[in-house]
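Novice: Numbering (our numbering), first residue to last: -9 to 310.
(1) Take every Cβ of the stretch 63 to 74, pair it with every Cβ of the stretch 285 to 299, and state whether three or more of those distances are shorter than 8 Å.
(2) By Cβ distance below 6 Å, which residues in the same chain neighbour residue 234 in space, the five residues on each side in sequence not counted?
(3) Whole angstroms are fine: how far does the CA of residue 78 sit from the CA of residue 146?
(4) What first and last residue would you give for the alpha helix (DSSP H) that runs through residue 225?
(5) Can you tell which of 35, 148 and 93 has the C-alpha that lies nearest to the C-alpha of residue 368?
(6) Whether or not the stretch 254 to 267 and the stretch 192 to 210 are in contact is what I'm after, with contact meaning three or more pairs of Cβ atoms, one per stretch, closer than 8 Å; do they touch?
(7) For residue 15, list the residues DSSP reports as bridge partners.
(8) May I have the straight-line CA-CA distance separating residue 106 from residue 122, to the nearest angstrom?
(9) Can you list the alpha helix (DSSP H) stretches of 4 or more residues lying completely in the stretch 53 to 119, in chain order?
(10) Quick one: measure Cβ to Cβ for residue -8 and residue 211, integer angstroms, because I've assumed they're closer than 8 Å.
(11) Span of the beta strand (DSSP E) holding residue 283?
(12) In this structure, does DSSP put residue 40 in helix, strand or coil?
(13) Straight-line CA distance for residue 118 to residue 162?
(14) Which term fits residue 104, buried or exposed, when burial requires 16 or more other beta carbons within 10 angstroms of its beta carbon?
(15) Once DSSP output is grouped into helix, strand and coil, what is the label at residue 128?
(16) Leaving out five residues before and five after residue 227 in sequence, what residues of the same chain have Cβ atoms less than 6 Å from its Cβ?
(17) Under 7 Å Cβ to Cβ from residue 114, same chain only, skipping five residues before and after it: list those, please.
(18) Which residue's Cα is closest to the Cα of residue 231: 265, 125, 300 and 81?
(19) Less than 8 Å between the CB atoms is what I'm expecting for residue 172 and residue 130, so what's the real figure, rounded?
(20) Return helix, strand or coil for residue 163, following the three-state DSSP convention.
(21) Residue 48 to residue 189, Cα distance in whole Å?
(22) Pick out whichever of 13, 69 and 42 has its Cα sitting closest to the Cα of residue 22.
(23) Straight-line CA distance for residue 110 to residue 7?
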């Protein structure tokens, strides 16, 4: 795979600092039942990196302090971590908001018949990737049969209450562009998704997030192989919107990798850009027990233009 990190280091992106930490985004491992073209994690069925029970217990101890009120679980497919249920149950018992970044097809895999009911029973918010409402586009990006499996999973979630306004069970869909383009306006695309999925499949959801594809890992490698990397970076920089700097996700979120090391965001994690102490040592999850990260500088490189281009992009969708 072609790496892009060296092409991103020379940057004129503005320096920014952290606010108070509100969310902890924990990558439970890079193991996944899919291998998507746009994946910035380079996740897949052959990955072996999985967060251990000891590290998960460190996450729980941090949540017990009460400072972090949102736990955002990602992967790979986070549900494939054998300790997923233990972490969710403990977090919810503490009153922590839990988000599961689900690829949907995991609900259809052998051995995961328990998953949909578990998510509903524990009030877990589902943020699910569905990069289009057309089967040919989804299958081209994520693999043959993924669209049909995703629709079946969405129907299962709907049947349990996810996506219903009166249920209290949130279901958010996530759109990633096809190829080297910025996402369209989030509000208008959400309206199209809701119309098409309701009319064609009777599926309901609460909101849509549009997320810009980052020029790193598998997508970055694809850009290089197609000779599109420089053009894509130019697209991101030309669309730079300084108004988005105030609300980029790295200002109130910390990312934790499968080994427990801390990063400013999931993208920095995939580029190997950890949060370091004054001596240049990588900061670990256990450091969060006592450290104050407010006002500390955030590691930035050229990929940060992806979060500030156009309407902006974050794990919570568009910023503007």
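A virtual CB, placed ideally from N, CA and C, is assigned to each residue, including glycine.
Specialist: For this structure:
(1) With the cut-off at 8 Å, the stretch 63 to 74 and the stretch 285 to 299 do not touch.
(2) Closer than 6 Å at the Cβ level, and outside the excluded window around residue 234, lie 298, 302 and 309.
(3) Rounded to whole angstroms, the separation of the alpha carbons of residue 78 and residue 146 is 20 Å.
(4) It spans 219 to 228 - the alpha helix (DSSP H) in which residue 225 sits, taken as one unbroken run.
(5) The question about residue 368 has no answer here: the residues shown for the chain are numbered -9 through 310.
(6) Contact holds between the stretch 192 to 210 and the stretch 254 to 267, because three or more Cβ pairs, one in each stretch, are under 8 Å apart.
(7) 62 and 245.
(8) Going by the C-alpha atoms only, they are around 22 Å apart.
(9) Listed in chain order, they are 74 to 83 and 105 to 111.
(10) That belief holds up - the Cβ atoms of residue -8 and residue 211 are roughly 4 Å apart, short of 8 Å.
(11) It is not in any beta strand (DSSP E) - residue 283 carries neither H nor E in the DSSP assignment.
(12) Strand, per DSSP.
(13) Roughly 6 Å between the two C-alpha positions.
(14) Residue burial is scored here from C-beta neighbours: residue 104 has fewer than 16 other C-beta atoms within 10 angstroms and is therefore classed as exposed.
(15) If DSSP states are grouped into helix, strand and coil, residue 128 belongs with the helices.
(16) Exclusion of the five residues before and after residue 227 leaves 295 as the residues of its chain whose Cβ lies within less than 6 Å of its Cβ.
(17) Here the set comprises 78, 88 and 90.
(18) Cα-wise, what sits closest to residue 231 is 300.
(19) The beta-carbon separation of residue 172 and residue 130, rounded to 19 Å, does not stay under the 8 Å limit for a contact.
(20) Correct three-state label for residue 163: strand.
(21) If you draw a straight line from the Cα of residue 48 to the Cα of residue 189, it is about 45 Å long.
(22) The closest CA to that of residue 22, considering only 13, 69 and 42, is found on 69.
(23) Rounded to the nearest angstrom, the gap between the Cα atoms of residue 110 and residue 7 is 37 Å.
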